[in-house]
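Report on the following structure.
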Amino acid sequence: MIESPTEEMPDIAARQRAMAAFAEANFEELASVLTGIAAARNSVDLRRPEAGLVMLRGRVGGDGNAFNLGEASVARASIRLVSGEVGHAYVLGRDTAKARLAAIADALWQRSETRPTIERELVAVVEDRLGQALRARQAQVAATRVDFFTLVRGED
Amino acid sequence: MYVAVKGGERAIDNAHRLLASDRRGDTDIPEISTNQIAGQLKLAVARVMAEGSLYDPEVAALAIKQARGDLIEAIFLARAYRTTLPRFGYSRPIETSEMAVERRISATYKDLPGGQILGPTFDYTHRLIDFGLAGDAVPEPPAENAAGLEPAPHVTRLLNDEGLIEQNATRSDAPPRDLTREPLAFPAGRDLRLQNLARGDEGFLLGLAYSTQRGFGGSHPFVGEIRIGEVEVEFFAEELGFAVTLGRVQLTECEMVNQFKGSASEPPQFTRGYGLVFGQSERKAMSMALVDRALRAEEFGQDVTAPAQDQEFVLSHSDNVQATGFVEHLKLPHYVDFQAELGLVRRMRALHAAARADEPDEAPPEEADEPVEDREAAE
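Keeping their order, the protein sequence lines are chains A and B.
For the numbering used here, add 3 to where a residue sits in the first sequence, where the first one is 1.
For the numbering used here, add 191 to where a residue sits in the second sequence, where the first one is 1.
Okay, here's the thing in structure tokens:
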């Protein structure tokens with residue numbers, strides 16, 4: 004299934020990054036960008052959007068052999084654009100409508116005509132929102148870090 | 192003769208209508224939303240996700256609402272729901288070293304890279320009821336430190352550098368066994384034990400963990416590290432030929448550092464117990480780590496003498512859905528079974544009376560047979 008891996012490696016990394024953003028995007032973010040793109044219209048389902056489970060694995064001691072921790076609900080979808088590109092999506096949760104939009108975004112990302120728009124209006128926007136939320140949370144968490152100091156006691 | 196009894200449908204329907212109405216309660220009071228449960232009863236949601244073995248805050252919140260706050264009932268609902276969904280596959284193993292920590296503490300090292308980060312903890316509160324929360328007091332905004340966080344490596348890695356602590360076995364590519372796909376058999380490997388404990392009842396594991404501290408299979412533990420935070424989950428999609436990020440989940444991880452094991456060839460070193468749980472669930476993660484270590488007794492040449500060290504005892508009784516099913520089934524009609532027992536006890540009493548009538552009179556009346564009869568009647 005891997006198409007010429009050596010040539011496409013940089014592309015795969017970029018696509019993984021974009022797909023991670025689609026998975027983190029909410030329905031409204033995806034919908035508002037995709038409605039403005041003509042190529043997004045009339046896509047067909049290759050696999051009907053569906054909800055299912057992925058068994059999450061941890062590692063013994065955090066760094067040893069894998070074990071099965073428990074399942075998570077995941078929605079997935081696969082679509083084909085009218086122009087022929089195929090898009091896939093796997094996202095946490097049961098929102099199959101969002102999964103379908105994420106699959107359309109993945110397909111649009113693969114078209115050189117629409118990739119810049121998707122990168123600018125969707126990937127960058129979602130990454131920016133996540134980055135801001137993470138920094139804000141980390142600032143709150145960092146304020147709970149303990150600063151130890153030593154009390155000098157007795158004779159010196 | 193077996194007599195099938197029908198009836199009760201209307202009583203059952205009406206009982207469920209009454210349940211629905213009681214669940215809603217006083218309609219002058221606004222109905223609770225699942226968003227409120229997911230946002231404000233987050234630790235209850237975490238428990239339902241962990242023991243329901245299904246990471247889905249929305250489903251867990253809805254299950255809590257449906258169960259009227261009965262968390263074991265909610266866990267049952269989550270487990271039942273997961274059986275309706277197809278399995279897409281297995282995630283790549285989650286790397287907890289890459290966690291965006293919201294809490295990270297160690298009881299073994301004061302000064303460690305990344306620091307002691309308390310996060311949103313109940314620790315050091317005075318456990319006094321806060322009557323202010325009964326009103327609509329707005330909490331102070333959290334303090335902030337713009338400097339942010341430093342990288343926080345696993346504490347066990349620090350001990351590893353000196354060879355003072357047991358190393359985890361070299362990673363093998365063999366897929367771990369899966370309890371949801373095959374029945375539990377003994378002896379169970381550590382992969383199966385950890386899967387069982389991760390979905391096991393918090394109260395049961397807490398009691399077992401406590402028993403090890405009180406001397407039933409003790410291992411003198413220290414909290415090497417507890418960390419809580421979000422991690423990314425990756426899934427290898429066959430149709431793509433590469434791994435995709437599904438999103439982030441919140442986990443609690445606990446590494447217990449326990450007393451020593453050595454041999455003629457190996458110098459003494461600390462041993463480890465591990466806990467990993469969905470959501471913010473520190474008590475459960477700590478209990479899991481203590482019980483994991485207790486269950487490794489044989490591996491370290493310790494005698495299996497305590498309940499927490501007995502895999503069959505622990506793993507067969509940790510699941511609260513199984514446990515509640517078997518305990519609670521006793522309240523369902525057992526009319527025919529009980530009729531049979533009634534017949535039996537009547538026959539036994541008749542035989543007993545006949546035997547006494549045949550006995551000579553000098554049998555001492557003080558040694559009355561009452562206790563025996565009581566016991567039989569109670570069966």
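All residues carry an ideal CB built from backbone N, CA and C; glycine is no exception.
Inset, instruction - Would you verify that the beta carbon of A:ARG148 is, or is not, closer than 8 Å to some beta carbon of chain B? - result: Answer yes: the Cβ-Cβ gap between A:ARG148 and chain B drops below 8 Å somewhere.
Inset, instruction - Determine, using beta carbons only, whether A:GLN141 comes closer than 8 Å to chain B. - result: yes
Legend entry - A:ALA54: contacting residues in chain B (beta-carbon distance under 7 Å): LEU276
Legend entry - Minimum length 4: unbroken alpha helix (DSSP H) runs contained in the stretch 379-416 of chain B: 381-389, 393-404
Legend entry - Environment of B:ALA488 [buried if 16+ CB atoms lie within 10 Å]: buried
Legend entry - Assigned exposure category for B:THR403 - 16 Cβ within 10 Å defines buried: Answer is buried; the Cβ neighbour count reaches 16.
Legend entry - Beta-bridge pairing of A:ALA160 - partner residues as DSSP gives them: Nothing in the structure corresponds to residue 160 of chain A, since chain A is present only between 4 and 159.
Inset, instruction - Flag A:ARG103 as yes if its beta-carbon sits less than 8 Å from any beta-carbon of chain B, otherwise no. - result: No - not a single Cβ of chain B is within 8 Å of the one on A:ARG103.
Inset, instruction - Using the Cα positions of B:PHE407 and A:ALA28, report the straight-line distance between them to the nearest angstrom. - result: Cα-Cα distance, rounded: 50 Å.
Inset, instruction - Determine the direct distance from the alpha carbon of B:PRO374 to that of A:GLU130, and round the result to whole angstroms. - result: 43 Å
Inset, instruction - Starting from the Cα of B:LEU442, find the closest Cα among B:ALA325, B:TYR246, B:ASP219, B:LEU276 and give me that residue. - result: B:TYR246
Legend entry - Straight-line Cα distance separating A:THR99 from B:ILE248: Rather than Ile, the amino acid found at residue 248 of chain B in this sequence is Pro. When rounded, the distance between both Cα atoms is 16 Å.
Legend entry - Where A:ALA42 sits in the DSSP three-state scheme: Look at A:ALA42 here: in three-state DSSP terms it is helix.
Inset, instruction - Pull up the DSSP beta-bridge partners for B:MET447, would you. - result: B:MET447 pairs with B:VAL414, B:GLY464.
Legend entry - Nearest candidate by alpha-carbon position, reference B:MET447, set B:VAL435, B:ARG368, B:ALA476: B:ALA476
Legend entry - Local Cβ density within 10 Å of B:PRO342, reported as buried at 16 or more and exposed below that: exposed
Legend entry - Counterpart residues of B:GLN502 in DSSP-defined beta bridges: None, per the DSSP bridge assignment.
Legend entry - Given 8 Å, three or more beta-carbon pairs between the stretch 287-304 of chain B and the stretch 101-109 of chain A: Output reads no: the stretch 101-109 of chain A does not touch the stretch 287-304 of chain B.
Legend entry - Any 3 or more C-beta pairs closer than 8 Å across the stretch 118-138 of chain A and the stretch 23-40 of chain A: yes
Legend entry - chain B residues whose Cβ lies nearer than 8 Å to that of A:VAL77: Correct list: PHE279, PHE426, LEU437.
Inset, instruction - With distances taken Cα to Cα, identify the nearest neighbour of A:GLY73 among B:GLU532, B:VAL424, B:VAL435. - result: B:VAL424
Legend entry - Closer than 8 Å at the beta carbon, the chain B residues around A:ILE64: The sequence as given places Gly at residue 64 of chain A; Ile does not occur at that position. Here the neighbours are THR347, ASN359, GLU446, ARG463, TYR465.
Legend entry - Touch test, the stretch 222-233 of chain B against the stretch 204-212 of chain B, Cβ-Cβ under 8 Å, three pairs minimum: no
Legend entry - A:SER81 in three-state terms, based on DSSP: strand
Inset, instruction - Check whether the Cβ atoms of A:ARG60 and B:PRO277 sit closer than 8 Å, and answer yes or no. - result: no
Legend entry - Simplified DSSP assignment, three categories, for B:ASP204: helix
Legend entry - Option in B:LEU388, B:ASN359, B:MET290 with minimal Cα separation from B:ARG474: B:LEU388
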